[in-house]
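Participant: Chains as they are written, first to last, in this note's numbering: chain V, 7 to 455; chain A, 20 to 257.
Okay, structure coming up:
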């Protein structure tokens with residue numbers, strides 16, 4: 007097809023290609039404006055959404071938005087597409103697909119079976135037509151459960167990544183933050199440290215520290231030190247106790263190159279960690295973080311809007327059957343998501359797209375000090391994501407990450423959600439909290455040792 | 020017995036009001052956020068910084084990116100990565116093949132630059148970093164990649180960018196350092212090495228200077244920076 011159009015009275019809106027149609031149909035955000043691809047007016051945006059609503063879902067499968075020949079993420083997405091699973095919705099337009107998703111007959115089982123039949127571009131497209139309550143209602147139906155030493159993502163559960171960072175990777179400071187978090191019931195998705203250093207020796211040391219605490223108190227959880235994946239692999243080869251391997255990923259080959267990774271490297275890492283067989287209830291070993299705007303920030307977005315690029319990152323992630331995937335939604339800054347309203351919308355889009363594509367989605371609900379946002383905005387996102395059934399959120403002491411210099415969610419925020427929505431931690435961890443938490447006070451002595 | 024808060028500046032042991040944050044730590048968080056918001060707006064004073072440097076016999080020159088003010092800087096990262104025309108012309112006056120160039124950028128915290136740059140640089144020179152042949156460049160409304168533009172114009176082999184990091188609640192004045200071998204516009208982040216969190220409660224000047232000198236010498240020896248260049252200093256020492 008040579009283009010798309012919407013006629014509104016005497017005005018005709020033309021969209022020369024699918025990429026441009028998607029960009030113009032995207033709810034307003036600063037990153038698409040920065041890229042020069044956003045709708046020029048509010049009316050043009052709705053006109054694009056109307057044209058998009060009439061587009062057959064099948065059309066996304068006929069012509070990749072980023073060429074198959076030049077992008078390995080495109081190749082992975084198309085080569086792994088399950089046409090039989092797609093047949094359930096292959097007759098629908100994007101607009102009809104939205105209505106189909108909202109129908110009660112599309113239950114969790116149906117949506118789970120559909121996931122391998124959907125490609126990220128279709129999921130991104132339908133999300134652009136949806137309002138926040140749609141994104142909540144549909145995502146809530148899908149539960150994606152993952153397992154290592156805990157079972158994360160069961161209905162009625164909310165897990166947390168305990169994030170005990172320190173600006174100089176001080177082992178005792180990190181241990182103190184871990185204990186504080188454990189005492190407040192945090193850490194069942196993972197105890198994950200972002201190291202300030204990218205040294206394999208430091209990664210090894212921190213993994214050994216977390217593993218010692220975990221084993222001493224028999225805590226059912228997994229650990230991770232979120233250095234570059236090559237640094238973690240080096241530590242693994244030196245014998246470090248690696249549970250989950252982490253990497254930031256994006257939705258285009260060029261953006262991943264800017265992160266210093268490609269699919270072959272991720273595959274090698276996946277195999278290396280899987281072979282360790284350190285899980286007890288499962289062996290899902292990969293942990294990915296993503297975020298809208300990362301492709302544009304690396305000038306690797308191919309004029310594709312940032313939300314569609316983000317959904318493509320999920321298309322890459324799902325190949326590795328990850329334990330954890332979360333968007334770090336407000337971290338990138340106001341150039342890409344300007345204020346609390348844009349961050350909220352992005353958080354719900356990302357969670358919805360990830361879940362619909364079959365990922366165990368969590369969210370780092372966060373903002374930086376140069377964005378137009380504050381803790382009230384975070385509360386709105388927390389509350390809506392809990393309603394949407396998010397698998398896990400972050401637990402940072404007092405919401406203040408003293409290493410990465412941004413505000414995420416706190417141990418207290420998770421307690422708020424558990425209290426308001428009646429949510430519980432992962433079952434293995436819940437049992438441990440009941441039986442062993444009183445002993446945590448002795449852990450103070452452990453720090454000195 | 021010691022308390023958890025004796026071990027970390029993180030906001031541990033905040034107590035709880037029915038599971039939620041009590042009023043006192045809540046208001047402390049608000050105050051810290053207010054200060055961080057103010058730090059983002061704090062302007063870089065190249066004149067006073069230049070004066071401090073000349074007292075140590077370091078030559079410096081003030082430059083400006085293409086972002087005219089803070090608002091434009093925040094919304095247009097592309098402009099913060101490029102020098103404006105007058106600044107590019109100024110840099111070209113010093114054009115000569117140079118092994119090392121140092122660029123100081125305000126980034127998101129000019130406060131950090133004013134507090135830490137001079138003592139940190141002093142420590143770095145003491146640790147054995149050879150002083151650059153040309154001036155130290157002080158750039159307003161600038162991002163990390165401004166160093167690529169400066170380095171490209173000078174045909175520098177290695178550029179060191181010292182920049183104010185995004186203010187956190189506990190630290191509105193954290194400094195970061197980026198090393199880029201063979202700087203030219205369009206360099207990717209994976210082609211750089213970074214030392215971050217240089218401030219009173221974070222990485223000390225001593226420690227950061229030693230890391231920087233190690234990485235700079237390794238970069239010069241191996242003729243590269245980026246993910247292939249690891250900070251293996253700790254292993255070498257042990």
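For every residue, glycine included, the Cβ atom is placed at its ideal position computed from N, Cα and C.
1. Looking at the C-beta of residue 86 of chain A, does it have a partner C-beta in chain V at a distance below 9 Å?
2. So with Cβ pairs under 9 Å, would you call residue 425 of chain V a contact of chain A?
3. Assuming residue 170 of chain A contacts residue 136 of chain A under a Cβ cut-off of 8 Å, what Cβ separation, rounded to an integer in Å, is found between them?
4. I'd like to know whether the C-beta of residue 411 of chain V is nearer than 9 Å to at least one C-beta of chain A.
5. Compare the C-beta of residue 305 of chain V against all C-beta atoms of chain D and say whether one is closer than 9 Å.
6. Examine the Cβ distances between the region 382-394 of chain V and the region 197-205 of chain A and report whether three or more of them are shorter than 8 Å.
7. For residue 59 of chain A, return the contacting residues in chain V, with the cut-off set at a CB-CB distance below 8 Å.
8. Whole angstroms is fine: what's the gap from residue 294 of chain V's alpha carbon to residue 60 of chain A's?
9. Could you please tell me which residues of the region 66-95 of chain A, in chain order, have their CB closer than 8 Å to any CB of chain V?
10. Comparing the C-beta of residue 196 of chain A with each C-beta of chain V, is any distance below 9 Å?
11. Determine whether the Cβ of residue 202 of chain A lies closer than 9 Å to any Cβ atom of chain V.
12. Considering Cα atoms alone, identify which of V:187, V:192, V:227, V:231 is closest to residue 208 of chain V.
13. Beta-carbon separation of residue 237 of chain V and residue 194 of chain V under 9 Å?
14. In the DSSP assignment, find the beta strand (DSSP E) that holds residue 97 of chain V and state where it starts and stops.
15. Closest by CA to residue 130 of chain V, which one among V:426, V:315, V:247?
16. Evaluate residue 88 of chain A with the Cβ neighbour count: other Cβ atoms within 10 Å of its Cβ, from every protein chain shown; 16 or more gives buried, anything less gives exposed.
17. Once the 5 residues before and after residue 213 of chain V are set aside, which same chain residues still bring their CB inside 7 Å of it?
18. List, in chain order, every chain A residue whose beta-carbon is nearer than 9 Å to that of residue 408 of chain V.
19. Against residue 109 of chain A, what residues of chain V qualify as contacts under a CB-to-CB distance less than 7 Å, listed in chain order?
20. Residue 111 of chain A: buried (16+ other C-beta within 10 angstroms of its C-beta) or exposed?
21. With distance defined between alpha-carbon atoms, name the residue in A:123, A:131, A:38, A:177 nearest to residue 316 of chain A.
22. Quick check: the Cα distance between residue 113 of chain A and residue 173 of chain A, rounded to an integer number of angstroms?
23. Per DSSP, which residues does residue 212 of chain A bridge with? Please list them.
24. Does chain A have any CB closer than 9 Å to the CB of residue 77 of chain V?
25. Kindly indicate which residue of V:97, V:125, V:31, V:344 has the alpha-carbon position closest to the one of residue 56 of chain V.
26. Give the DSSP-derived three-state secondary structure of residue 165 of chain V in the structure shown.
27. From the DSSP output, which residues share a beta bridge with residue 183 of chain A?
28. For residue 230 of chain V, write down the residues that DSSP places opposite it in a beta bridge.
29. Applying the criterion that 16 or more other CB atoms from any shown protein chain within 10 Å of the CB defines a buried residue, is residue 355 of chain V buried or exposed?
30. Which residues, in order along the region 330-344 of chain V, keep a beta-carbon less than 7 Å from a beta-carbon of chain A?
31. Do the region 62-70 of chain A and the region 153-170 of chain A make contact, defined as three or more Cβ pairs closer than 8 Å?
32. So, do the region 181-191 of chain A and the region 174-182 of chain V have three or more beta carbon pairs nearer to each other than 8 Å?
33. Might you give, ordered along the chain, the residues of its own chain that have their beta carbon closer than 8 Å to the beta carbon of residue 255 of chain A, omitting 5 neighbours on each side?
34. Tell me which residues share the same chain as residue 436 of chain V and place their Cβ nearer than 7 Å to its Cβ, disregarding the 5 neighbours each side in the sequence.
35. Please report the distance separating the alpha-carbon of residue 200 of chain V from that of residue 102 of chain V.
36. Do residue 251 of chain A and residue 212 of chain A have their beta-carbon atoms positioned less than 9 Å apart in this structure?
Facilitator: According to the structure shown:
1. no
2. yes
3. Actually they do not touch by this definition, with Cβ atoms about 18 Å apart.
4. yes
5. Annotation note: the requested chain D is absent from the structure, which comprises protein chains V and A.
6. no
7. 375, 376
8. 33 Å
9. 93, 94, 95
10. no
11. no
12. V:231
13. no
14. Premise fails: residue 97 of chain V is in no beta strand (DSSP E) and is neither H nor E.
15. V:315
16. exposed
17. 229, 231, 241, 246, 247, 248
18. 27, 28, 29, 30, 187, 188, 189, 190, 216, 220, 221
19. Ordered by position in chain V, no residue passes the 7 Å Cβ test against residue 109 of chain A, which lies about 27 Å from the chain.
20. exposed
21. The question about residue 316 of chain A has no answer here: the residues shown for chain A are numbered 20 through 257.
22. 7 Å
23. A:198
24. no
25. V:31
26. strand
27. A:194
28. V:198
29. buried
30. 340, 341
31. yes
32. no
33. Residue confidence is low: residue 255 of chain A scores 42 on pLDDT, short of 50, so the model does not pin down where it sits. Its coordinate-derived value is still stated next. Same-chain partners within the cutoff: there are none.
34. 430
35. 43 Å
36. no
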